[in-house]
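Numbering (our numbering), first residue to last: 52 to 351. Note that CB positions come from ideal geometry on N, CA and C, so glycine has one too.
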Ligand code: HSE
C-alpha cells in the first residue's frame, strides 16, 4: 500500500519555439515553480494561487487527473499549494509547469510507475503541443515531434558560453490569443525558411557558433503574426539589436522576448536600456536547467 500522501514537485520554466522551431524546440531554465500536493478526503483546496485558479480547471489538477485517470485510480480530494517564480502568461511555460507538476504528483501519489515519456504523452493531450512540456519534464534543450498523436522528443546540449536573457513585459498575452493570430495556411517558401534554419540552429547552439546563431535564429511561421499584437515589440527588438544580441526571438507565444548572447557585458547594457523605456519590465538572465522536473515524497 502507498503510504505517501504528500509530494513536493519542482518544475522549471521553459521557452518554446526558439526562433525557427515553432511547436518543436524548447529549453528549460533554472527558474522554478514548486508545488505541494496532498491527498485529502473531499474537494480541492489551494494555497498560493490567484482566486480565479482555485478550482478544478486549475492546470495542476488537470495534469493530476490526466495521470490518475489513466492509472484508473479513484478520484480523491487534493490540497495543492504553490510557490511561483515563473510569471503567468508570459511565454515562459507556466501552464506546462503546472500540468507537468500535476502529472508527476499523480504518478507518485497513485503508485504509478509511468516514465517521463508517458507523462509527456498524457499532458500533451491537454496542452496540444509538446514544446514546453518536453523540456519541463526532461530538462535541457529539446526538439519534439508528434507521431500518430504521441510526442517523440530528443535532447540537445547548449554550449555553456551562451547566456539567455529574458525581457519580460508587465502584461500577459494568453497563448489562445497568440494562436488565434496565426494564419490557416503557409507559403511553401516560409516552411523551407524555418526548416533550414531549425536544423542549422540546433548545431550552432551546441557548438556556441555565434555566426550561425546570428544567421539561423529567425522565423516566418509565427513571430510576424504575433509581434504586431505585442505592445513594445519593435522597441524591444531595436534595443536587443543596439546591445548586439546574437539571437533574439519571441519566447513561446510571447510576450517575453528572449535574447542570446556570449558577451558578459550584455546583461548590464540591455538592463539599462530596457529600464529607460519599459521601467516595469523585468530583465532576467536564465541558466539552462538540465535536470527537468523533480520531486520529493513526504511522509508524515
Ligand atoms: N509553440 C507554442 C506557440 C508555445 O507558439 O503557440 C506556446 O504554448
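If you check the CB distance, residue 222 and residue 337 do not come in under 7 Å.
Residue range 72 to 91 is occupied by the beta strand (DSSP E) that includes residue 88. DSSP places residue 214 in the strand class (E or B) of the three-state scheme. At least one heavy atom of the ligand HSE falls within 6 Å of the beta-carbon of residue 226. Taking a C-beta distance under 7 Å as the contact criterion, residue 145 and residue 137 qualify as a contact pair. The criterion of a C-beta distance shorter than 7 Å is satisfied by residue 161 and residue 119. DSSP places residue 109 outside both helix and strand once states are collapsed to three, so it counts as coil.
Per DSSP, reduced to three states, the secondary structure at residue 129 is strand.
In this structure, the straight-line span from the alpha carbon of residue 258 to that of residue 339 is close to 15 Å. Taking residue 203 as the centre and dropping the five residues before and after it, the same chain places the C-beta of 196 closer than 6 Å to its C-beta, in chain order. Under the three-state reduction of DSSP, residue 333 is assigned to strand. For residue 141, the shortest separation between its Cβ and any heavy atom of the ligand HSE does not lie below 6 Å. The beta-bridge partner set that DSSP reports for residue 347 consists of 59. Counting along the chain, the unbroken alpha helix (DSSP H) around residue 228 starts and ends at 226 to 231. Residue 280: not part of any beta strand (DSSP E); DSSP gives it neither H nor E. With a threshold of 6 Å, the Cβ atom of residue 230 counts as near the ligand HSE, since some heavy atom of the ligand is closer than that. When the beta-carbon positions are compared, residue 308 and residue 237 stay at least 7 Å from each other. Residue 209 holds the alpha-carbon nearest to the alpha-carbon of residue 190 among 173, 179, 209. In the DSSP assignment, residue 187 falls within the unbroken alpha helix (DSSP H) covering 184 to 189.
Note on geometry: alpha-carbon atoms of residue 171 and residue 125 lie some 22 Å from one another. Residue 282 and residue 245 have their alpha carbons spaced roughly 25 Å apart. If you check the C-beta of residue 67 against the ligand HSE, you find a heavy atom less than 6 Å away.
Counting along the chain, residue 98 sits inside the beta strand (DSSP E) bounded by residues 95 to 98. For residue 175, the uninterrupted alpha helix (DSSP H) segment begins and ends at 167 to 178. One Cα belongs to residue 180, the other to residue 157, and the distance between them is close to 21 Å.
Residue nearest to residue 94 within the set 83, 66, 115, 127 is 127 (criterion: CA-CA distance). Look at residue 222 here: in three-state DSSP terms it is coil, with no helix or strand label.
In this structure, DSSP gives residue 255 a helical state, which the three-state scheme calls helix.
Within a 10 Å sphere around the beta-carbon of residue 310 sit 16 or more other beta-carbons, which makes this residue buried.
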